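Novice: Provided herewith is a single structure, encoded as structure tokens, for subsequent inquiry.
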Amino acid sequence: MKVVVVGGGAIGLSIAWRAAGRGLTVTVIDPEPGRGASGVAAGMLAPVTEVHYGEEDLLALNLESARRYPEFVAGLEAASGVETGYRACGTVAVARDADDLAALEELVAYQRSLGLEVERLRSSELRRLEPGLAPGVRGGALVTGDHQVDPRRLTSALVAACRRSGVVLRAERAVAVEACSVTSEGGAVDHGDAVVLAAGAWSGALDGVPAEVRRAVRPVKGQVLRLRGPGEPPISRNVRGAEAYLVPRHDGEVVVGATVEERGFDTVVTGGAVHELLRAAIELVPDVAELALVETAAGLRPGTPDNAPLIGATASEGLVVAGGHYRNGILLAPVTADAVAELLATGVAPPEITAFSPQRFERVLS
Ligand SMILES: Cc1cc2nc3c(=O)[nH]c(=O)nc-3n(C[C@H](O)[C@H](O)[C@H](O)COP(=O)(O)OP(=O)(O)OC[C@H]3O[C@@H](n4cnc5c(N)ncnc54)[C@H](O)[C@@H]3O)c2cc1C
């Protein structure tokens, strides 16, 4: 069976690698693999601290993908020879003032009502765990199951693993998808038994994409900073405040994110966003002020009307979608890849993705 994947971000590359592992012949079409949202993302793997009221189906998918992560990266590192920077570091949620604390207490109660593992911490306990936190923090919570990966290393590993497993990567921009074929800018046409549309926020921009998919996926801008010091970062766990989060890597990098903006396909980095992110980060972890600011960037999350991804077959024969992963596409790569590879190989969608059918928007958006 031959499959053509449009888009080589964390999602498209993971699918390609897993599908090749099941014996499928795979081509990935992308002018710049790994340079979309996956090249900007912080890489938090945070099903618990990312949970939002009313999104229990998405929580179940996020938890399932987090559970698969250690095995996924171990297999990927073995297949590629590239380290992914996966760290089972845990996360602390931090309240800076009384308002933050009230919101955090409510969230912790909700998380516990869902059976999630969260430990409420007093200010002194929090600072014993993370001495780099500001002395004035009011309290917080420890989530031992929310971890991180380095998304850039992850996509590099995926490219290497894809190549080693025989996946063909073609540096072209696709302009149209049809029943079992993809047309690229230069006019080349790739035929397959199936096409997987995994072009992130750009998934709606190709000709031939069903109307309900085109209308469901929109870009949501996120600005993010990368800082670096000479030694280990001033924190050892992910730190999440009300206005910013910080993700520390072993190589000394600290990622500070992120804005959430509805601005279409705009990726301009603004002075205001850099200022606000730095202010919020330094208020949480004062030593961030001593680090070198090495990069500012903006990326486009693939948002959807219900914040959940579109994974599965469309009404268009042979066209499968894996998109709209919004804030959790790095986290959701393993479960999405396994499910789509299963669907491609057997024709049957596994139960974990039935709630995320791209056809769920057919009546409302077509
Ligand atoms: C600031 C920020 C922080 C984030 N933090 C996190 C986080 O901590 N944890 C987490 O899980 N998620 C996070 N995300 C979300 C995550 O980045 C996305 O959900 C995820 O990267 C989506 O992956 P993707 O492969 O679908 O899309 P992308 O990574 O955007 O990849 C899409 C690919 O399609 C290609 N493409 C586009 N058009 C075409 C075309 N016409 N033909 C061929 N190829 C095409 C692009 O070149 C690109 O490589 C963050 C996002 C942002 C912006």
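Heads up, the sequence shown is in our numbering, so the first residue is 449 and it goes up one at a time. Ideal placement from N, C-alpha and C gives every residue a C-beta, glycine not left out. Just so you know, these numbers come straight off a predicted model, no measurement behind them.
When the Cβ atoms of the segment 666-674 are set against those of the segment 704-712, are three or more pairs found closer than 8 Å?
Specialist: Yes, since at least three Cβ pairs between the segment 666-674 and the segment 704-712 fall closer than 8 Å, the two stretches touch.
Novice: Sort G580, G455, V736 and V591 by Cα distance to G677 and report the nearest one.
Specialist: When only C-alpha atoms are compared, the closest one is V736.
Novice: I'd like the span of the alpha helix (DSSP H) that includes T784, first residue to last.
Specialist: A781 to T794
Novice: Just how far apart, CA to CA, sit V453 and G795?
Specialist: 17 Å
Novice: What is the DSSP secondary structure of T603, counted as helix, strand or coil?
Specialist: helix
Novice: Cβ atoms of L792 and L581: under 8 Å apart, would you say?
Specialist: No, these two residues do not count as a Cβ contact at 8 Å.
Novice: Quick check on the DSSP output: what are the complete beta strand (DSSP E) runs of length 3 or more inside the segment 709-779, in order along the chain?
Specialist: 740-751, 758-761 and 767-771
Novice: State the Cα-Cα distance for the pair G772 and A647, rounded to the nearest angstrom.
Specialist: Between the alpha carbons of G772 and A647 lies a gap of roughly 9 Å.
Novice: If you draw a straight line from the alpha carbon of L758 to that of K450, how long is it in whole angstroms?
Specialist: 22 Å
Novice: Helix, strand or coil for Y517, going by three-state DSSP, please let me know.
Specialist: helix
Novice: Using the beta-carbon count (16 or more within 10 Å), is G640 buried or exposed?
Specialist: buried
Novice: Does the beta-carbon of D638 have 16 or more other beta-carbons within 10 angstroms, so that it is buried, or is it exposed?
Specialist: buried
Novice: Evaluate L741 with the Cβ neighbour count: other Cβ atoms within 10 Å of its Cβ, from every protein chain shown; 16 or more gives buried, anything less gives exposed.
Specialist: exposed
Novice: Which residues in the same chain have their Cβ closer than 8 Å to the Cβ of A624, if we skip the five residues on either side of it in sequence?
Specialist: V630, T631, L654, D655 and G656
Novice: So, helix, strand or coil for G487, using DSSP?
Specialist: helix
Novice: Can you tell me whether D638 is helix, strand or coil according to DSSP?
Specialist: strand
Novice: Within 10 Å of its beta-carbon, does Y693 have 16 or more other beta-carbons around it, so buried, or fewer, so exposed?
Specialist: buried
Novice: Let me confirm a value: Y501 is counted as buried when at least 16 other C-beta atoms fall within 10 Å, else exposed. Which label applies?
Specialist: exposed
Novice: If you draw a straight line from the alpha carbon of W851 to that of L552, how long is it in whole angstroms?
Specialist: Here the chain covers residues 449 to 814 and nothing more, so residue 851 does not appear.
Novice: List in chain order: all unbroken alpha helix (DSSP H) runs of 4+ residues lying wholly within the segment 519-589.
Specialist: 546-561 and 571-577, all fully within the segment 519-589.
Novice: Going by DSSP in three states, G648 sits in which element: helix, strand or coil?
Specialist: helix
Novice: Between the alpha carbons of V733 and S572, how many angstroms are there, rounded?
Specialist: 15 Å
Novice: Give me the DSSP bridge partner(s) of R611.
Specialist: R611 is not bridged to any residue.
Novice: First and last residue of the alpha helix (DSSP H) that includes S462?
Specialist: A458 to G469
Novice: Could you have a look at P658 and say whether DSSP puts it in helix, strand or coil?
Specialist: coil
Novice: Return the chain-ordered list of same chain residues with a C-beta closer than 7 Å to the C-beta of A664, the five sequence neighbours on each side being excluded.
Specialist: Here the set comprises T752, P753, L758, G772, F809 and L813.
Novice: Can you tell me the Cβ-Cβ gap for L493 and V591, rounded? I've got them flagged as a contact below 8 Å.
Specialist: Actually they do not touch by this definition, with Cβ atoms about 11 Å apart.
Novice: Is the beta carbon of Y569 sitting closer than 8 Å to the one on A546?
Specialist: In the sequence under discussion, the amino acid at residue 569 is Leu, which differs from the Tyr named in the question. Contact: no.
Novice: If you follow the beta strand (DSSP E) that A481 is in, where does it begin and where does it stop?
Specialist: The identity of residue 481 in the sequence shown is Pro, whereas the question assumes Ala. Looking at the DSSP string, P481 is not in any beta strand (DSSP E), and its letter there is neither H nor E.
Novice: With hydrogens ignored, establish whether the beta-carbon of H773 is closer than 7 Å to any heavy atom of ligand 1.
Specialist: yes
Novice: Between the segment 482-491 and the segment 512-529, do three or more beta carbon pairs fall short of 8 Å?
Specialist: no
Novice: By the three-class DSSP mapping on this structure, what secondary structure does L506 have?
Specialist: helix
Novice: Any idea which residues DSSP pairs T473 with across the strands?
Specialist: Paired residues: K450.
Novice: What does the alpha-carbon distance come out to for the pair L726 and A642?
Specialist: 45 Å
Novice: What first and last residue would you give for the beta strand (DSSP E) that runs through Q671?
Specialist: R666 to R676
Novice: So, is A543 buried or exposed, given that buried needs 16 or more other C-beta atoms within 10 angstroms?
Specialist: buried
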